[in-house]
Amino acid sequence: MATGLKLMRAIRVFEFGGPEVLKLQSDVAVPTPKDHQVLIKVHACGVNPVETYIRSGTHKIKPLLPYTPGSDVAGVIEAVGDNASTFKKGDRVFTTSTISGGYAEYALAADHTVYPLPEKLDFKQGAAIGIPYFTAYRALLHSARVKAGESVLVHGASGGVGLAVCQIARAYGLKVLGTAGTGEGQSIVLQNGAHEVFNHREHNYIDKIKKSVGEKGIDVIIEMLANVNLNNDLNLLSRGGRVIVVGSRGPIEINPRDTMTKESSIIGVALYSSTKEEFRQYAAALQAGMEIGWLKPVIGSQYSLEKVAQAHENIIHSSGATGKMILLLE
Ligand SMILES: NC(=O)c1ccc[n+]([C@@H]2O[C@H](COP(=O)([O-])OP(=O)(O)OC[C@H]3O[C@@H](n4cnc5c(N)ncnc54)[C@H](OP(=O)(O)O)[C@@H]3O)[C@@H](O)[C@H]2O)c1
């Protein structure tokens, strides 16, 4: 895979562990694209919580060591394999997956995981699309099967996935309620599709949501922290309501009876279970959102490759998200 001729800076993980195992190296060989692969000059790469779980060695996905983390890059096509006909050198693109890792100056990707990045979005925004928007779309359309006119609570709306859910849900005609943990996060949620916002750090915010939605309850809850909120979620749902578990970081006790009276459902979502065809469908819907203008990623904190360990620390112990966390390589 490596040419051995050209070298780049990249993060390498040689052992699973804490953020300190992320090592910046400046002598990593730039890979050569083969067959249906493309090589991308990376301008920005999204940082997703899952990359911290994988790095720690506790996730189901365990890459062979050493590896470079990162799936959501945005940049410019540098070279293409013999059978990668969709793209040419110089095209602006973003990805939902990489072969060689995105925390690097260059990344190799299979062409079916690469999508054109419209001129109206910059590279930072391109790096915020992959996992967050494809997960948000799957959670709402595939898992919750939302219908226009329904209500959705985005429980954890200020981060990468949450803001994507708010934008998509609003564009699809839902009544959108969101939560954030800071005033700044709350404003961003309101500016990105939510009709109403609540602060999940306030002790009585669940009562406020109940008061707002009344007896009927909420049709769909997209949940970013189920281990904290699932019990409350079940009590907020409407008859036939659905909780979609996007994020959870531990166990929680619930009373299964709470699902009986309202015949409600708890549905888990895993983006990596999507088929190639589903990725194609989601990409088509999201491309339309970029063209029309409702898909506008909001960038939160930005880090250089040198500060990647800090980024991994902060995405888990956040003082309050204000959009998507990214690494900048420009
Ligand atoms: N299932 C999948 O396929 C899939 C795909 C992508 C992501 N995920 C998971 O989804 C979760 C969110 O990912 P992300 O990329 O959006 O992360 P992120 O950008 O770090 O955002 C985290 C969000 O969680 C919110 N939050 C914090 N405390 C909360 C609480 N008590 N109740 C509700 N929300 C709370 C944060 O709000 P404040 O910071 O404002 O407090 C923020 O909006 C992560 O656990 C991630 O692993 C799963």
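Numbers 1 to 330, taken from the UniProt record's numbering, label the letters of the sequence shown in order.
By construction, the Cβ of each residue, glycine as well, lies at the ideal position given by its N, Cα and C atoms.
The structure displayed is predicted, hence computed values, not measured ones.
Would you identify the three-state DSSP class for residue i, choosing helix, strand or coil?
i           : result
residue 242 : strand
residue 119 : coil
residue 341 : Within the shown structure, residues of the chain are numbered from 1 to 330, placing residue 341 beyond reach of any answer.
residue 77  : strand
residue 214 : coil
residue 16  : coil
residue 275 : coil
residue 260 : helix
residue 360 : Lying before the first or after the last residue shown, residue 360 is absent from the chain, which here runs from 1 to 330.
residue 1   : Per-residue confidence for residue 1 stands at a pLDDT of 48, beneath the threshold of 50, marking its modelled position as unreliable; the derived number appears in the next sentence. Coil.
residue 318 : coil
residue 145 : coil
residue 130 : helix
residue 157 : coil
residue 219 : strand
residue 280 : helix
residue 124 : helix
residue 21  : helix
residue 286 : helix
residue 168 : helix
residue 249 : coil
residue 295 : coil
residue 85  : coil
residue 225 : coil
residue 186 : helix
residue 64  : coil
Any idea if residue i is buried or exposed, counting beta-carbon neighbours within 10 angstroms, 16 or more meaning buried?
i           : result
residue 226 : buried
residue 223 : buried
residue 312 : buried
residue 284 : exposed
residue 324 : buried
residue 48  : buried
residue 155 : buried
residue 124 : buried
residue 274 : buried
residue 321 : buried
residue 82  : exposed
residue 304 : exposed
residue 22  : buried
residue 251 : exposed
residue 242 : buried
When DSSP builds the beta bridges, which residues end up paired with residue i?
i           : result
residue 205 : DSSP output for residue 205 lists no bridge partner at all.
residue 198 : 179
residue 265 : 242
residue 95  : 114
residue 42  : 75
residue 357 : In the structure as shown, the chain starts at 1 and stops at 330, and residue 357 therefore has no counterpart that could be examined.
residue 152 : 176, 220
residue 37  : 110
residue 104 : 10
residue 237 : 218
Worksheet item: Is the stretch 104–119 in contact with the stretch 2–20, if contact means three or more CB pairs nearer than 8 Å?
Response: As far as the Cβ criterion goes, the stretch 104–119 touches the stretch 2–20, which means the pair count is three or higher.
Worksheet item: Touching or not, the stretch 287–294 and the stretch 259–271, by the rule of three or more beta carbon pairs under 8 Å?
Response: Between the stretch 287–294 and the stretch 259–271 there are fewer than three C-beta pairs closer than 8 Å, too few to call the two in contact.
Worksheet item: Do three or more CB pairs link the stretch 318–330 to the stretch 34–44 at distances below 8 Å?
Response: Cβ pair count under 8 Å is three or more, so yes.
Worksheet item: Do the stretch 173–180 and the stretch 146–153 make contact, defined as three or more Cβ pairs closer than 8 Å?
Response: They touch, by the three-pair rule.
Worksheet item: Does the stretch 53–68 come close enough to the stretch 131–138 that 3 or more CB-CB pairs lie under 8 Å?
Response: Counting C-beta pairs closer than 8 Å gives fewer than three between the stretch 131–138 and the stretch 53–68, which falls short of the contact rule.
Worksheet item: Per the contact definition of three or more C-beta pairs closer than 8 Å, is the stretch 183–190 in contact with the stretch 106–122?
Response: The stretch 106–122 and the stretch 183–190 do not touch, with fewer than 3 CB-CB distances between them shorter than 8 Å.
Item to complete: Determine, using beta-carbon pairs with one atom in the stretch 153–167 and one in the stretch 188–198, whether at least three such pairs fall under 8 Å.
Response: Enough Cβ pairs lie closer than 8 Å, so yes.
Worksheet entry | Sufficient close CB pairs (3 or more, under 8 Å) joining the stretch 79–97 to the stretch 251–262 | No, because fewer than three Cβ pairs between the stretch 79–97 and the stretch 251–262 fall closer than 8 Å, the two stretches do not touch.
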